[in-house]
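Here the protein sequences line up with chains A and B, keeping their order. Those letters in the first sequence? Residues 8 to 297, per our numbering, in order. Those letters in the second sequence? Residues 7 to 282, per our numbering, in order.
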Amino acid sequence: SINQNLQKVFARFQRGGKLTDGNIQDGLREIRQALLDADVHFKVAKDLIDEVTNRAVGEKVIESVTPAQQIIKIFHDVLTAAMASDKPLVIGQHGPTVIMLAGLQGSGKTTTAGKLANLLKKRGRQPLLVAADLQRPAAIEQLKVLGQQLGIPVLAKTGVTPPDLCAEAIPFARANGHDVVILDTAGRLHIDEPLMQEVAAVKARAKPHHVFFVCDAMTGQDAVNSARAFHERLALDGVILTKLDGDTRGGAAISIRHVTGAPVRFVGLGEKLDQLEEFHADRMASRVLG
Amino acid sequence: LSIGRDLDDETLDRLEETLYTADLGPSATAMIEKARKAYKLREIKTTDDVMVFLRKEIEDRLGERSELELRGVPPTVVLMVGVNGSGKTTTIAKLARHFTQQGKKVVIGAGDTFRAAAAEQLQIWADRVGATLVRGKAGADPAAVAFDAAEKAATEKADVLLVDTAGRLVTQAHLMQELSKISRVLGKRIPGAPHDVLLVLDATTGQNAIQQAEKFKAAVPVTGLIVAKLDGSAKGGAVVGIRERVGLPVKFIGVGEKADDLEPFDPKEFARSMFE
Ligand SMILES: Nc1nc2c(ncn2[C@@H]2O[C@H](COP(=O)(O)OP(=O)(O)OP(=O)(O)O)[C@@H](O)[C@H]2O)c(=O)[nH]1
Ligand SMILES: Nc1nc2c(ncn2[C@@H]2O[C@H](COP(=O)(O)OP(=O)(O)OP(=O)(O)O)[C@@H](O)[C@H]2O)c(=O)[nH]1
Ligand SMILES: [Mg+2]
Ligand SMILES: [Mg+2]
Chain A
8 SINQNLQKVF ARFQRGGKLT DGNIQDGLRE IRQALLDADV HFKVAKDLID
58 EVTNRAVGEK VIESVTPAQQ IIKIFHDVLT AAMASDKPLV IGQHGPTVIM
108 LAGLQGSGKT TTAGKLANLL KKRGRQPLLV AADLQRPAAI EQLKVLGQQL
158 GIPVLAKTGV TPPDLCAEAI PFARANGHDV VILDTAGRLH IDEPLMQEVA
208 AVKARAKPHH VFFVCDAMTG QDAVNSARAF HERLALDGVI LTKLDGDTRG
258 GAAISIRHVT GAPVRFVGLG EKLDQLEEFH ADRMASRVLG
Chain B
7 LSIGRDLDDE TLDRLEETLY TADLGPSATA MIEKARKAYK LREIKTTDDV
57 MVFLRKEIED RLGERSELEL RGVPPTVVLM VGVNGSGKTT TIAKLARHFT
107 QQGKKVVIGA GDTFRAAAAE QLQIWADRVG ATLVRGKAGA DPAAVAFDAA
157 EKAATEKADV LLVDTAGRLV TQAHLMQELS KISRVLGKRI PGAPHDVLLV
207 LDATTGQNAI QQAEKFKAAV PVTGLIVAKL DGSAKGGAVV GIRERVGLPV
257 KFIGVGEKAD DLEPFDPKEF ARSMFE
């Protein structure tokens with residue numbers, strides 16, 4: 008663990024030597040390795056190390072009797088701040104509130120749509136699920152099954168384009184007493200221009216109050232590329248990190264926030280429809296630290 | 007990176023970033039260290055030299071090309087495994103198409119009895135590629151479906167049996183055990199089965215891919231990898247570390263969402279793509 012590694016680095020100087028800048032540099036190298044092992048982006052790791060370095064100098068870690076602990080605390084605080092949001096997420100009343108989910112293939116959007124609908128229903132809302140993935144085999148059927156399991160209606164149609172379907176979902180929701188509309192879109196590559204235009208058209212037509220980028224927690228260095236592209240097209244207001252019940256450290260959460268400013272709002276912790284929780288930056292920081 | 011120029015430390019730093027952001031992880035560090043040593047010993051002098059050096063490093067670590075062969079008495083049984091959403095079901099469709107195009111008779115076992123509309127998704131694919139689907143009821147024991155599929159493939163003298171499984175994370179011990187059971191049941195009905203176990207890896211996955219390879223290999227006799235979604239911007243570099251540390255070769259790559267979007271893995275082409 009990073010704790011043990013740093014203890015080792017500083018152990019030699021604990022026995023009566025004074026710390027030098029070289030020792031601090033060794034400690035920072037350990038931290039950088041921990042970040043890279045956790046899949047934090049190469050460049051983002053550099054920025055974070057610079058920040059930790061400045062604070063280590065400012066807090067005079069070099070004079071500390073417990074340098075390893077102090078550096079870890081700084082590291083933990085820097086990571087937490089890198090992921091925390093000062094504005095809490097409020098899913099308000101907009102008659103209806105529209106939530107759009109987008110992301111790469113297989114990231115967990117359809118399952119998350121069901122989870123989000125379930126969470127909001129438990130909070131007393133009347134959600135409507137919209138099956139706007141019209142390309143994946145049996146995608147509509149998949150969302151319908153989830154809707155049946157939850158007792159939540161699913162709007163589905165064929166012979167229509169995703170932007171048109173999402174646009175007509177709003178008056179449909181209003182007419183049927185739904186105060187939240189959740190749009191499940193097809194997985195797509197951020198380098199697929201026609202499909203990125205399509206997802207931008209969905210946003211333009213449905214005017215969502217919240218756009219969430221659904222991202223697999225085990226995503227590596229590519230997270231910054233896809234997140235940045237989706238952010239440029241859709242102006243993301245949040246990220247949902249899925250499959251966090253695995254053993255991946257989830258450094259993508261930090262990289263995505265760093266390049267887009269979009270904070271993680273929810274995490275997926277399993278395949279069941281009640282396994283969606285609110286995001287806690289400090290817990291994630293501990294996880295990335297390892 | 008301008009070609010033919012004298013090499014310098016800054017270029018090596020930039021190459022380390024290129025390899026690292028391709029998800030090569032610790033292998034990137036190791037390769038750049040070797041390049042730095044060779045540069046200090048004047049064994050490599052120009053940017054051309056270092057590109058050739060690094061491409062060869064990657065190719066050497068990836069090993070020889072490794073194909074999927076139809077072996078033994080038909081049917082050859084191939085089990086697809088991997089974490090949730092990696093591309094298993096779509097890859098099965100592509101593999102089925104690969105064989106039906108050769109005139110082979112293909113049976114597919116709908117071994118994902120858990121996820122919503124999993125069998126429906128596979129039925130659509132089976133119809134599209136001309137394969138026979140064997141499925142069970144939703145929630146059925148996947149090992150039972152695997153057995154039924156093996157039974158059908160054997161009695162109908164199919165050339166290939168492709169068995170799909172539900173996605174699972176390696177932290178789910180009971181699901182890894184379930185996978186072992188599916189593999190054993192296949193072997194009971196068809197001697198030597200599964201002849202191949204292919205781990206489908208999402209190209210966007212980072213260092214967790216190494217964990218996936220280790221844990222799946224501990225549960226079932228994985229014989230190779232398929233890297234899906236390489237048509238994206240992710241480079242899939244984690245497969246280098248997997249070959250080095252777990253010994254698994256990449257057999258195919260997935261480059262799209264259609265039945266034809268499967269290609270055999272070419273280590274030279276893959277090494278070259280790291281630098282694009
Ligand atoms: N363990 C775990 N599995 C998850 C989680 N979220 C989704 N999954 C699984 O991930 C797989 C993919 O989920 P989907 O909801 O189909 O993903 P998608 O983004 O809609 O996929 P496309 O529509 O093809 O792009 C399924 O097997 C889900 O059950 C999670 O938080 N934990
Ligand atoms: N662009 C691209 N998309 C792919 C590729 N392979 C699969 N996909 C897409 O990835 C998504 C998930 O594919 P599936 O085949 O359902 O993945 P899976 O591993 O069976 O998922 P689970 O059964 O839920 O664990 C689908 O939207 C596929 O179309 C590929 O090579 N390229
Ligand atoms: Mg989906
Ligand atoms: Mg599947």
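By construction, the Cβ of each residue, glycine as well, lies at the ideal position given by its N, Cα and C atoms.
- By the neighbour-count definition (other C-beta atoms within 10 Å, threshold 16), B:Q218 is a buried residue.
- At a cut-off of 8 Å, the C-beta of B:K62 has no neighbouring C-beta in chain A.
- Every beta strand (DSSP E) of 3 residues or more that sits fully in the segment 140 to 188 of chain B is shown, in chain order, as 166 to 169.
- Shown here for A:A174: same chain residues with a beta carbon closer than 7 Å to its own, the five before and five after excluded, namely R212 and A213 in chain order.
- With respect to chain A, the C-beta atom of B:K235 has a partner C-beta closer than 8 Å.
- If you ignore the 5 residues before and after A:S262, its C-beta comes within less than 7 Å of the C-beta of V47, H48, V51, A230 and V231, all in its own chain and listed in chain order.
- Note that the segment 244 to 264 of chain B touches the segment 56 to 74 of chain B; at least 3 beta-carbon pairs, one per stretch, sit closer than 8 Å.
- Distances from the CB of B:T95 to the heavy atoms of ligand 2 include at least one below 7 Å.
- Relative to ligand 2, the beta carbon of A:G113 is positioned inside 7 Å of a heavy atom.
- Ligand 2 never approaches B:S186 closely enough for any of its heavy atoms to be under 7 Å from the residue's Cβ.
- Residue contact with chain B for A:T226: present (Cβ-Cβ distance below 8 Å to some residue of chain B).
- An exposed status is given to A:S8, since fewer than 16 other beta-carbon atoms sit within 10 Å of its beta-carbon.
- Counting only Cβ-Cβ distances below 7 Å, A:E148 has contacts in chain B at A123 and E126, in chain order.
- Between ligand 3 and A:G121, a heavy atom-to-CB distance of less than 7 Å is absent.
- As the crow flies, the alpha-carbon of B:I98 is around 12 Å from that of B:G88.
- If the five residues before and after A:I81 are omitted, its C-beta is found closer than 8 Å to the C-beta atoms of V59, R62, A63, E66 and V68, all from its own chain and listed in chain order.
- With the rule of 3 Cβ pairs closer than 8 Å, the segment 137 to 156 of chain A counts as touching the segment 121 to 130 of chain B.
- Interface with chain A (8 Å Cβ-Cβ cutoff): B:Q183 is excluded.
- DSSP lists B:I232 and B:P270 as the bridge partner or partners of B:F258.
- The closest CA to that of B:I216, considering only B:A199, B:I232, B:R195 and B:R249, is found on B:R249.
- Distance between B:K264 and B:R134, taken at the CA atoms: about 10 Å.
- B:N90 counts as buried, since at least 16 other C-beta atoms from the protein chains shown sit within 10 angstroms of its C-beta.
- The residue from B:A209, B:R77 and B:D165 with its alpha-carbon nearest to that of B:R103 is B:D165.
- With contacts defined by Cβ atoms closer than 8 Å, B:F281 and B:M57 form a contacting pair.
- Put simply, the residues with a CB less than 7 Å from any heavy atom of ligand 3 are A:K116, A:T117, A:D140, A:R143, A:A146, A:Q149, A:D191, A:A193 and A:G194, in chain order.
- Looking at the DSSP output, A:H217 sits in a beta bridge with A:I106.
- According to the DSSP assignment, A:L86 belongs to no beta strand (DSSP E) but to the alpha helix (DSSP H) extending over P74 to M90.
- In the structure shown, the three-state DSSP call for B:F120 is coil.
- Interface with chain B (8 Å Cβ-Cβ cutoff): A:T255 is included.
- For B:S33, no CB of chain A lies under 8 Å from its own CB, so it is not counted at the interface with that chain.
- For B:A224, the closest alpha carbon among the candidates B:K194, B:G145, B:P148 and B:K187 is that of B:K187.
- Listed as beta-bridge partners of A:D229 by DSSP are no residues whatsoever.
- Straight through space, the alpha carbons of A:D281 and A:K128 are spaced by roughly 11 Å.
- Of A:V187, A:L35, A:G257 and A:G121, the smallest CA-CA separation from A:Q77 is found for A:L35.
- Counting of Cβ neighbours within 10 angstroms places B:Q107 among the exposed residues, the total staying below 16.
- If you draw a 10 Å sphere on the C-beta of B:G198, you find fewer than 16 other C-beta atoms in it, and that means exposed.
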